[in-house]
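Below is one structure; the comments refer to it alone.
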Amino acid sequence: MTTTTSRGRRRAPTCIERAAGKAAALQKPRVILALLLLLALTSVMLLDGYLRAEVGGDQRVRTGASSSQVPDDVLDGGPILTFRGGRATTVSVPDKTIALTFDDGPNPTWTPQVLRILREYDVPGTFFLVGSMVSRYPGIVEDMVEQGEEVGIHTFTHVDLSYQSHARVRREMTQTQLALAGAAGITTTLFRAPYSSETDAIDNYSWPVYKELGEDGYTSVFVDTDSDDWKRPGVSKIVEWATPDDGKGASVLFHDAGGERSQTIKALPTYIEKMKAAGYTFTTVSGVLQKQNAAARDATTGTTTGTQGEQPAELPDGAGAVGDRLQAAHRDATGVTLYEGKALIAAVTLAEWTVPTLSVGLMVVGVAVMGRFGMMLLLARRHHRQRNRRRFSWGATVTRPVSVIVPAYNEKECIANTLESLARSTHPIEIIVVDDGSTDDTSGIARAAAASLGMTNVRVIRQENAGKPAALNNGVRNAAHDIVVMMDGDTVFEPEAVHQLVQPFANPEVGAVAGNAKVGNRDTVIGAWQHIEYVMGFNLDRRMYDLLRCMPTIPGAIGAFRRDAVLEVGGMSEDTLAEDTDITIAMHRAGWQVVYQEHAKAWTEAPGSLKQLWSQRYRWSYGTMQALWKHRGSLTDRGPSGRFGRVGMPLVVLFQIVTPVFAPLIDVFTVYSMIFIDFQAALLAWLAVLGVQLSCAAYAFRLDREKYRYLLMMPLQQFAYRQMMYLVLIHSCVTALTGGRLRWQKLKRTGEVGTPAGASR
Numbered sequence: 052m053t054t055t056t057s058r059g060r061r062r063a064p065t066c067i068e069r070a071a072g073k074a075a076a077l078q079k080p081r082v083i084l085a086l087l088l089l090l091a092l093t094s095v096m097l098l099d100g101y102l103r104a105e106v107g108g109d110q111r112v113r114t115g116a117s118s119s120q121v122p123d124d125v126l127d128g129g130p131i132l133t134f135r136g137g138r139a140t141t142v143s144v145p146d147k148t149i150a151l152t153f154d155d156g157p158n159p160t161w162t163p164q165v166l167r168i169l170r171e172y173d174v175p176g177t178f179f180l181v182g183s184m185v186s187r188y189p190g191i192v193e194d195m196v197e198q199g200e201e202v203g204i205h206t207f208t209h210v211d212l213s214y215q216s217h218a219r220v221r222r223e224m225t226q227t228q229l230a231l232a233g234a235a236g237i238t239t240t241l242f243r244a245p246y247s248s249e250t251d252a253i254d255n256y257s258w259p260v261y262k263e264l265g266e267d268g269y270t271s272v273f274v275d276t277d278s279d280d281w282k283r284p285g286v287s288k289i290v291e292w293a294t295p296d297d298g299k300g301a302s303v304l305f306h307d308a309g310g311e312r313s314q315t316i317k318a319l320p321t322y323i324e325k326m327k328a329a330g331y332t333f334t335t336v337s338g339v340l341q342k343q344n345a346a347a348r349d350a351t352t353g354t355t356t357g358t359q360g361e362q363p364a365e366l367p368d369g370a371g372a373v374g375d376r377l378q379a380a381h382r383d384a385t386g387v388t389l390y391e392g393k394a395l396i397a398a399v400t401l402a403e404w405t406v407p408t409l410s411v412g413l414m415v416v417g418v419a420v421m422g423r424f425g426m427m428l429l430l431a432r433r434h435h436r437q438r439n440r441r442r443f444s445w446g447a448t449v450t451r452p453v454s455v456i457v458p459a460y461n462e463k464e465c466i467a468n469t470l471e472s473l474a475r476s477t478h479p480i481e482i483i484v485v486d487d488g489s490t491d492d493t494s495g496i497a498r499a500a501a502a503s504l505g506m507t508n509v510r511v512i513r514q515e516n517a518g519k520p521a522a523l524n525n526g527v528r529n530a531a532h533d534i535v536v537m538m539d540g541d542t543v544f545e546p547e548a549v550h551q552l553v554q555p556f557a558n559p560e561v562g563a564v565a566g567n568a569k570v571g572n573r574d575t576v577i578g579a580w581q582h583i584e585y586v587m588g589f590n591l592d593r594r595m596y597d598l599l600r601c602m603p604t605i606p607g608a609i610g611a612f613r614r615d616a617v618l619e620v621g622g623m624s625e626d627t628l629a630e631d632t633d634i635t636i637a638m639h640r641a642g643w644q645v646v647y648q649e650h651a652k653a654w655t656e657a658p659g660s661l662k663q664l665w666s667q668r669y670r671w672s673y674g675t676m677q678a679l680w681k682h683r684g685s686l687t688d689r690g691p692s693g694r695f696g697r698v699g700m701p702l703v704v705l706f707q708i709v710t711p712v713f714a715p716l717i718d719v720f721t722v723y724s725m726i727f728i729d730f731q732a733a734l735l736a737w738l739a740v741l742g743v744q745l746s747c748a749a750y751a752f753r754l755d756r757e758k759y760r761y762l763l764m765m766p767l768q769q770f771a772y773r774q775m776m777y778l779v780l781i782h783s784c785v786t787a788l789t790g791g792r793l794r795w796q797k798l799k800r801t802g803e804v805g806t807p808a809g810a811s812r
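If you want the working numbering, it's the position in the sequence shown, counting the first as 1, plus 51.
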């Protein structure tokens, strides 16, 4: 990046300009990555909700519809419906034969027990599986197929297909096939519709669905005898209801999932023993079809296959043994289907681990957030009472002059207002304006403003562009007094601000003091949101940290230091983008006490656009992470450094990084619950949390004597502003984890925050 002077000569870009160019080049990919992380979280939640029928669930079940359009031979036919050659054909189960079928699985508790019983009794079963359950428990399906059991489709989300669109029907079938492919490497041609029973229950709405699936090659399977085990009537009743009449063959229905199935597990061995004793044999649905095909061929050729109920002649020896059964309904999954199936299983596995983990995280975050509110209210109240009682004193009144350092880079809009506010200071001060290589005549404007105000206590120092820390260090080196006040070039002080700010230095243990920064341009929506954040999120926090003696940050807009203490810790460091946090932690580690002076007020110009706000908060959050990482050694130190490391560091990490990063879960889960689960309950829970936040904010506004009308913006702030702050923090975390480097970014100023009297409008 290069720039051109008024005479047409090109000059090399400044440090700030080069940094801005690099930041612009790096920021977009990381913003995209942060948004992709949020999108991934949303997708995982939707997938998990879809698996649990919270998303896309449909509990409608059709009953009592007419069957006038269904052929009579289908209504009166057997339980197996095929459409070979485009013609509807039903197949009955041969006499003395049981096609044992199970619906609604797999289930991690009951299905393995059913499989164990079938294996012990050498009995085959046909399992009609729900695709979402297959995706969640693929290992059970793999064991099922390896054992030689037959599987069919029971849709993906267990919906009544007669209510669904053509696309939804296709999706239910395709997704279940993919789940089977990913779990066991197969697909199937068998299908049983949820809520179906015998063929005489087919109606005019479900018949087109069966026809459509039949044309796609599916065989629909119905029921002859229903155990009604889902009613849990007792073992004897289940066995009785599952027994066919008069030695007839039957497609018999049990359930291995969908509820508590202990009675089914107890009844199944009794039922198998009873039917075997009565001369019944067990087969699969495919076994029934094979017998029917064999009988048809025998009728054509005039031969027989033996007595009714025996294995067909064309089946190999031992075909009835477990693990070696012929499953004509199964097809090997290959190609794209196989890989898509494995991808589905992987995605579901991720969702199965992620959502419960996030739920636990949500509970932790919720407890942390509520705990933080409780701590802030309790300690802020104590802090206010302690510092505002009549007899409270820091010590002897500090009246000696102090040095005010004003770092400035291209502050032509604001510097005159800043100096005008300092001219009204009730405390003796010298003012050092450090022009950090400005290109807009900031230094000239500062000198002119000082002259017009008759200020003889102003020095303007120019330096090559080197950044804010270098400008502050330059000011400290040139300061004539032992206390230095640091402020931003866009900030205005109230007349009493400096005097109030330096009073804590009467205590020789105090090394630094944080002032009360206020938003001056609060009449816009963005400004009002930031005003709420400053009063509640910053100043209420500082009261808490003050009492705990672990304040992490002295705001750059208004802070004061002992000059010797600043030099002792090496001055303002350029190692991080949050030099204010960096030096504050360094002060703690050096044994100095850092306090908050709520009566020292300054008015600052907050960013006026979302883009500017993003840039500022991105730098703040990333710089805070840098500072915490830089001072991680305090965790194992002794003395004051160790105290901050083991008290202040965890609180900052928990309240300023971890909690805000995961706090979106509250909003995401709230919206999710409102849309897909229980709108009223989710809304009430969200309003309860908002009520707690409003209470904290109202108390903070009371302590700062602010107007409550701004709190009307707080509900909207939760939906918009807060989400942006979360994204900024996630963006910063991504930058930190990817090893990115972010440089200082200059914000655009308007100078609309004038003197304190005007700022407090």
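Heads up, the beta-carbon is just placed ideally off N, CA and C, and yes, glycines get one too.
Where residue i sits in the DSSP three-state scheme
i	result
S302	strand
V899	This structure cannot speak to residue 899, because the chain is shown only from 52 to 812.
E757	coil
L429	helix
A384	coil
R813	This structure cannot settle anything about residue 813, because the visible part of the chain is limited to 52 through 812.
T55	A caution first: T55 carries a pLDDT of 39, below 50, which makes its placement in the model unreliable, though a value can still be read off. If DSSP states are grouped into helix, strand and coil, T55 belongs with the strands.
S271	strand
P458	strand
F443	coil
L628	coil
E649	strand
P367	Because P367 sits at a pLDDT of 36, beneath the cut-off of 50, its placement in the model cannot be relied upon, and the point is left open.
G505	coil
D718	helix
R138	coil
T450	coil
R613	strand
T276	strand
V30	The structure shown does not extend to residue 30, since the chain is modelled only from 52 through 812, so no value can be given for it.
I316	helix
Residue closest to residue i, alpha-carbon to alpha-carbon, out of the options
i	options	result
D251	T114, E193, R283 and H381	T114
G199	L169, A230 and S183	L169
Q228	S186, Y596 and E291	S186
N516	Y460, Q226 and S248	Y460
I191	A230, F424 and K282	A230
H381	C784, L738, L409 and V196	V196
M96	A733, S724 and A497	S724
L90	K758, V719, V645 and A749	V719
L598	Y750, V703, H435 and T490	H435
A394	G236, D729 and R441	G236
M638	L628, H682 and Q648	H682
S770	I316, V411, W281 and W737	In the sequence as displayed, the identity of residue 770 is Phe instead of Ser. If we check each option's Cα against that of F770, W737 comes out closest.
Q226	L87, L754, G392 and V536	G392
Y269	K325, T388, S746 and I204	I204
Beta-carbon gap between residue i and residue j smaller than 8 Å
i	j	result
F556	R613	yes
A150	V336	yes
K463	K569	no
I291	D275	The identity of residue 291 in the sequence shown is Glu, whereas the question assumes Ile. No, these two residues do not count as a Cβ contact at 8 Å.
R433	E649	no
S454	A522	no
beta-carbon residue i near the ligand COA non-hydrogen atom, thresh 7 Å
i	result
V336	With respect to small molecules bound, the structure shown includes none, and the ligand COA cannot be examined in it.
CB contact below 8 Å: residue i versus chain B
i	result
T276	Reference to chain B is not applicable here, since this structure consists of a single protein chain.
Pairs of beta-carbons, one from the stretch 131-142 and one from the stretch 157-176, closer than 8 Å: are there three or more?
No: fewer than three Cβ pairs fall under 8 Å.
For the structure I just gave you, are there three or more beta carbon pairs, one from the stretch 586-598 and one from the stretch 540-559, closer than 8 Å?
Taking 8 Å as the limit for Cβ pairs, the verdict is that the stretch 540-559 does not touch the stretch 586-598.
Length-filtered (3 minimum) beta strand (DSSP E) runs lying within the stretch 725-751:
With a minimum length of 3 residues, no continuous beta strand (DSSP E) run stays inside the stretch 725-751.
Starting from the N-terminal side, write out each stretch of the alpha helix (DSSP H) that is 4 residues or longer and does not extend beyond the stretch 160-245.
Within the stretch 160-245, the complete alpha helix (DSSP H) runs of at least 4 residues are 162-171, 182-187, 189-198 and 217-235.
Are the stretch 670-679 and the stretch 614-633 touching, with three or more C-beta to C-beta distances below 8 Å?
The way I'd put it, the stretch 670-679 does touch the stretch 614-633; three or more beta-carbon pairs between them come closer than 8 Å.
For the stretch 528-547 and the stretch 654-661, state whether three or more C-beta atom pairs, one from each stretch, are separated by less than 8 Å.
With the cut-off at 8 Å, the stretch 528-547 and the stretch 654-661 touch.
Which ranges would you report for the alpha helix (DSSP H) in the stretch 513-584 if only whole runs of at least 4 residues count?
List check, alpha helix (DSSP H) in window: 519-529, 548-553 and 576-583.
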